[in-house]
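> Just so we're aligned: 593 in numbering that gives the first Met the number 0 is position 594 of the sequence shown, and the numbers increase by one with no gaps anywhere. The structure follows.
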Amino acid sequence: MKILEKWWFWFGCAVLLYINTMNHSYVIDDMIVVNNNSLTKEGISAIPEIFKHSYLFGYDGREDESYRPLTLTTFAIERSLFDANSSMSHFVQILLYGLCILLLFKLLSEIFPKEKSYLVYIVTGLFLIHPIHTEVVANVKSRDELLCALFLFWSLLFFVKYVKSKKIGQIVWSAVLFFLATLSKETAVPSIILFPALNWVMNKDNLKQLVLNSVAFFVPLLIYIGIRTSVLSDVLIQDPIDPVANSLALADSTSELLASNFAIFSKYIQLLILPLNLSWDYSISTFETVGFNSIAALIGLLFLLVIVGLMLVGLWKRSMVGFGALLFLTTFAVTSNFFFLINCVLGERFMFIPLLGFLLMLIPLLDKLNASITNKKIILIPLLLIAVFYVGRTATRNIDWKDNISIYEAGTAISPNSVKAHFNLGTEYLQQGNLSTDSLVRTQWYEKAKQSLNTARTIYPKYANIYENLGYILIEQGKLTSNPVQKRKFYEEGLTVLNVAIDSFDLKKNSLYINKYYVLEQFSLLENDSLKKNGFYLEMLKTVKAKEEQDEEDFHRQIYLLTHLKMEDDLLKYAQENSINFPEKADLISELAKRYFGTSEFETSLKYMVLYTHMRPDDLSSESNKGMLLEILERKNEALLIYEGILKRDPNQLHTKQLYEKLKAQP
């Protein structure tokens, strides 16, 4: 038993348990904080900028509602030291987990009396080996959970030491570490209530002293809120909740919303007790919305009422059971979907710190039950069986996180009704196909991708990303074949898929329109009949116009189509209306002017030259060409005014001077 008292034992066990994740790849959304994050890619030099922006700014350029600068700072430092090295990222995860367990052991050793040291070993051990932690340790992006827990455990440790010794330095360190926890992940903020609660349970101070001890933590909290508010001052409205990620968004009533969430809560409790089937995703339709006639909803409600009851009674009696229940409820509150909806219906990572509260609530209760049993060692048998199961499940679950294909395939097996599990697997197959240079291998990957994506489509047919990827695959398969019949077949299937998304489900994602445009373009290239070809051009024009967000390429596409359709009036009108939005496309307008000049359509050529010179007023050469066109059209006085204007701006324009003098000399 002596070895259980050594800090290195617990640290070593944590490291050994997850050492088989060290050579894993980056998976799922790890790239959000690694290769696809413009700030962390800059390394240490970007740290000041990291503190000026939200969590996702470096990934997609938008200021979201999350602020976790300390977490991103660790990735920036890691990037400077090791570049984008997945093995080093996982090694850091393992070390951080080991430190979390070490600090947890130290914390519990301070909280529990020596005669109850066996509870320290049981709680620390079960927390250490619990399989639900695999997502946090094996998924690099979940470092925010690790850091938040590490600093929170450390902060509580210093606070307990302060309660015992009254040394001011220790409560100062506790407050600083709490501040670092909030900078790691905002879910640490509600944990401020844990400090007075722990003080109360330890029964070391009167109410006045308890309040004074708690005041110290409002300083770092106010500093954090001040920084966060200044950085995210423009973030006013939360993005709409995506029903794909959180099926609770589809609830028809408050009653249905609550009942459904109670059912999900019962799933959380099941995962804490028997973490047999673990999945990286529980998106729609893993959980259907239910009413209070659902057994799962009633079980979830009962569990929650019991935990709340244990918290109230336990705190009244100043017992660790009450503190454990409070810790569970407090650290789970932000991600629970009970107070506000988040873009995740259930996440195993959300149970990382709450599990500690659950164990601090459950294990002392079982200890009291065990005290009434004559044979005290009888509890060792189920504990050993649980330990063997947890260790084995953690080890095997770690293997699932090796790479994207393995974690996605495991996800579809455990959550067969999850649209994102099948979609992500199909997308990974698609990407593997894109990486292959062998056309046969690419085709095999694409066929597997289509199968997974069509399964996702069956589960939730309103998910735009499915059609985007299906359309893309069919386009690529059309490119791969040289058989014109096969090629047309793939394009027809792609067009059907995209039309279902756009017309039947009214999905507005821009990429759907771009893919449809491309398919129609391929049809136009295959068509020899000019009338049918123009039909495709018209459909392409309609498609590009339907896009809600127009960009430079759309401007180019419409100019191209209107030109080929010989719709000169529409072409000029469109160019005039949009030239101010796309000044970089002025050269395209110039080419049109030259094109119509080459076909002796001087009036039309002049219209485009006038438009071009408005877009590029400093191009005196084109201004001179405008004058020449006016001459050709026998509009002498207007041409003279153009030449005079040019020479007034630059008397050294010799060619213009010659044109002016020659025209002025004419009768």
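In this text, a Cβ means the ideal position worked out from N, Cα and C, and glycines have one as well. Being a predicted model, the structure only gives us computed values, none of them experimental.
#1: Straight-line CA distance for L102 to T288?
#2: Can you give the beta carbon distance from T426 to N468, rounded, assuming they're within the 8 angstroms contact cut?
#3: Please determine, among Y559, V333, L328, the residue with the shortest C-alpha to C-alpha distance to L355.
#4: Here's the rule I'm using: 16 or more other beta-carbon atoms within 10 Å means buried, otherwise exposed. How should Q208 be labelled?
#5: When burial is assigned at 16 or more other CB atoms within 10 Å of the CB, is R142 buried or exposed?
#6: Could you round the C-beta distance between E633 and Y659 to whole angstroms and report it? I think they count as a contact, below 8 angstroms.
#7: Taking the alpha carbon of G124 as the reference point, which residue from K113, L587, S108, I222 has its own alpha carbon closest?
#8: Do you know offhand how far F104's Cα is from I283's?
#9: Hey, out of H23, Q169, V518, Y611, whose CA is closest to D399's CA?
#10: Taking DSSP as the reference, what is the three-state secondary structure of R67?
#11: Where does D82 sit, in a helix, a strand or coil, going by DSSP?
#12: Once the 5 residues before and after I128 are set aside, which same chain residues still bring their CB inside 7 angstroms of it?
#13: Does the stretch 609-617 come close enough to the stretch 575-592 to have 3 or more Cβ pairs within less than 8 angstroms?
#14: What did DSSP end up calling G290 once you bin it into helix, strand or coil?
#15: Assign L536 to buried or exposed, taking buried as 16 or more other Cβ atoms, counted over all protein chains shown, within 10 Å of its Cβ.
#16: Taking the alpha carbon of Y490 as the reference point, which residue from N514, L506, A500, I501 has its own alpha carbon closest?
#17: Let me know the secondary structure DSSP gives Q430 once reduced to three states.
#18: So is P242 buried or exposed if we call it buried at 16+ other beta carbons inside 10 Å?
#19: Are the beta-carbon atoms belonging to L429 and A448 less than 8 angstroms from one another?
#20: W9 by DSSP, collapsed to three states: which one?
#21: So what's D29 in DSSP terms, helix, strand or just coil?
#22: Leaving out five residues before and five after D553 in sequence, what residues of the same chain have Cβ atoms less than 8 angstroms from its Cβ?
#23: State the Cα-Cα distance for the pair L365 and I2, rounded to the nearest angstrom.
#24: Which one of E77, N35, R67 has the shortest CA to CA distance from D59?
#25: If you pair each beta-carbon of the stretch 288-303 with each one of the stretch 260-271, do three or more pairs fall below 8 angstroms?
#26: Go ahead and label L452 buried or exposed: buried means 16 or more other beta carbons lie within 10 angstroms of its beta carbon, across all protein chains shown.
#27: Are the CB atoms of E408 and L384 nearer to each other than 8 angstroms?
#28: Skipping 5 residues on each side, what residues in its chain have a beta carbon closer than 6 angstroms to that of L629?
#29: Between which residues of its own chain and C99 is the CB-CB distance below 6 angstroms, once the five residues before and five after are set aside?
#30: In terms of residue numbering, what span does the alpha helix (DSSP H) encompassing V139 cover?
#31: Pick out whichever of S335, P353, W315 has its Cα sitting closest to the Cα of G323.
#32: Spatial neighbours of E77 within its chain, please: CB distance less than 7 angstroms, with the 5 preceding and 5 following residues excluded, ordered by chain position.
#33: Mapping DSSP to helix, strand and coil, what is R615?
#34: Quick check on DSSP: helix, strand or coil for T285?
#35: My understanding is that T39 touches V136, with C-beta atoms under 8 angstroms, so please give their C-beta distance in whole angstroms.
#36: Using a 10 Å radius around the Cβ and a threshold of 16 neighbouring Cβ atoms, would you call S293 buried or exposed?
So, to answer that:
#1: Translated into the one-based positions of the sequence shown, residue 102 becomes position 103. Translated into the one-based positions of the sequence shown, residue 288 becomes position 289. Roughly 40 angstroms separates the two Cα atoms.
#2: Within the sequence shown, numbered from 1, the residue matching residue 426 stands at position 427. Within the sequence shown, numbered from 1, the residue matching residue 468 stands at position 469. That pair is a contact at about 6 angstroms.
#3: Position 356 of the sequence shown, counted from the start, is the residue given in the question as residue 355. Minimum Cα distance to L355 is reached at L328.
#4: Here residue 208 refers to the residue found at position 209 when the sequence shown is read from its first residue. Q208 comes out exposed.
#5: Numbered from 1 along the sequence shown, position 143 holds the residue referred to as residue 142. Under this definition R142 is a buried residue.
#6: Here residue 633 refers to the residue found at position 634 when the sequence shown is read from its first residue. Here residue 659 refers to the residue found at position 660 when the sequence shown is read from its first residue. E633 to Y659, Cβ: 17 angstroms. No contact.
#7: On the sequence shown, position 125 is the one that residue 124 refers to. Comparing Cα-Cα distances from G124 to each of K113, L587, S108, I222, the minimum goes to S108.
#8: Translated into positions along the sequence shown, residue 104 becomes position 105. Translated into positions along the sequence shown, residue 283 becomes position 284. Distance between the alpha carbons of F104 and I283: 38 angstroms.
#9: On the sequence shown, position 400 is the one that residue 399 refers to. That would be H23, whose Cα lies nearest to the Cα of D399.
#10: On the sequence shown, residue 67 is found 68 positions in, with the first residue counted as 1. If DSSP states are grouped into helix, strand and coil, R67 belongs with coil.
#11: Numbered from its first residue, the sequence shown carries residue 82 at position 83. Assigned with DSSP and collapsed to three states, D82 falls in coil, not helix or strand.
#12: As a working mapping, residue 128 is identified with position 129 in the sequence shown. Around I128: L16, A386, Y389, V390, T393.
#13: Segments in contact, yes.
#14: For the purposes of this step, residue 290 is taken as the residue at position 291 of the sequence shown. Coil, per DSSP.
#15: In the sequence shown, residue 536 corresponds to position 537, counting from 1. In the sequence under discussion, the amino acid at residue 536 is Tyr, which differs from the Leu named in the question. Answer is buried; the Cβ neighbour count reaches 16.
#16: As a first step, residue 490 must be located in the sequence shown, where it is residue number 491. Cα-wise, what sits closest to Y490 is N514.
#17: Against the sequence shown, residue 430 aligns to sequence position 431. Residue state, collapsed to three classes: helix.
#18: Taking the first residue of the sequence shown as 1, we reach residue 242 at position 243. That one is buried.
#19: Walking along the sequence shown from the start, residue 429 turns up at place 430. Walking along the sequence shown from the start, residue 448 turns up at place 449. Going by C-beta atoms, L429 is nearer than 8 angstroms to A448.
#20: Numbered from its first residue, the sequence shown carries residue 9 at position 10. Of the three classes helix, strand and coil, the one that applies to W9 here is helix, per DSSP.
#21: Here residue 29 corresponds to residue number 30 of the sequence shown, with the count starting at 1. Here D29 sits in helix by DSSP.
#22: Indexing the sequence shown from 1 puts residue 553 at position 554. Contacts found: V543, K546.
#23: Within the sequence shown, the letter at position 366 stands for residue 365. Within the sequence shown, the letter at position 3 stands for residue 2. So the two alpha carbons sit approximately 24 angstroms from each other.
#24: Numbered from its first residue, the sequence shown carries residue 59 at position 60. If we check each option's Cα against that of D59, N35 comes out closest.
#25: yes
#26: Here residue 452 corresponds to residue number 453 of the sequence shown, with the count starting at 1. When all chains shown are included, L452 counts as buried.
#27: Translated into positions along the sequence shown, residue 408 becomes position 409. Translated into positions along the sequence shown, residue 384 becomes position 385. In this structure, L384 does not lie closer than 8 angstroms to E408 by Cβ.
#28: Taking the sequence shown and counting its residues from 1, the one referred to as residue 629 is at position 630. Result list for L629: E637, A638, in chain order.
#29: Here residue 99 refers to the residue found at position 100 of the sequence shown. So the qualifying residues of the chain are A148, L149.
#30: Numbered from its first residue, the sequence shown carries residue 139 at position 140. Counting along the chain, V139 falls outside any alpha helix (DSSP H), and DSSP gives it neither H nor E.
#31: Counted from its first residue, the sequence shown places residue 323 at position 324. Ranking the options by Cα distance to G323, first place goes to P353.
#32: Translated into positions along the sequence shown, residue 77 becomes position 78. So the list reads M87, S88, V91, once near-sequence residues are dropped.
#33: Walking along the sequence shown from the start, residue 615 turns up at place 616. It is coil, neither helix nor strand.
#34: Taking the sequence shown and counting its residues from 1, one reaches residue 285 at position 286. If DSSP states are grouped into helix, strand and coil, T285 belongs with coil.
#35: As a working note, residue 39 is residue 40 in the sequence shown. As a working note, residue 136 is residue 137 in the sequence shown. The Cβ separation is near 20 angstroms, so there is no contact.
#36: Taking the first residue of the sequence shown as position 1, residue 293 is located at position 294. So S293 ends up on the buried side.
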